[in-house]
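Encoded as structure tokens, the structure appears first; notes follow it.
Residue numbers (the working numbering): -13 to 72.
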């Protein structure tokens, strides 16, 4: 399913119905024409937090290595690997 953007009025009116569809992906909520919030499944949120924690730990571990790289350099290296599909 594609990106779902709903205005805040619609979300307010259909909240319970929309909550039942969150397994299909998050819903971005727009206020005055600008996306300002995300409604997402709690399990997906916890997964996202876990992945963020893993990446943070990886950056700290790599930054403590013998390469002499700063954490910013380490992040750039990780992002470059991702862009190459490695």
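Note that CB positions come from ideal geometry on N, CA and C, so glycine has one too.
Asked	Found
Nearest-angstrom beta carbon gap, residue -6 and residue 17 [assumed within contact, 8 Å]	5 Å
Inter-residue CB distance, residue 77 and residue 12 (contact presumed, cutoff 8 Å)	In the structure as shown, the chain starts at -13 and stops at 72, and residue 77 therefore has no counterpart that could be examined.
Cβ shell of residue 72 (< 8 Å), same chain only, five flanking positions each side left out	In this predicted model, residue 72 has a pLDDT of only 47, less than 50, meaning its place in the structure is not dependable; the value taken from the coordinates is given anyway. For residue 72, where only same-chain residues beyond five positions count, there are no Cβ hits under 8 Å.
Boundaries (first-last residue) of the beta strand (DSSP E) holding residue 25	20 to 25
Cβ pair residue 1, residue 27 closer than 8 Å	no
Burial state of residue -11 (16 or more Cβ within 10 Å)	exposed
Residue 39 versus residue 21: straight-line alpha-carbon distance, rounded	26 Å
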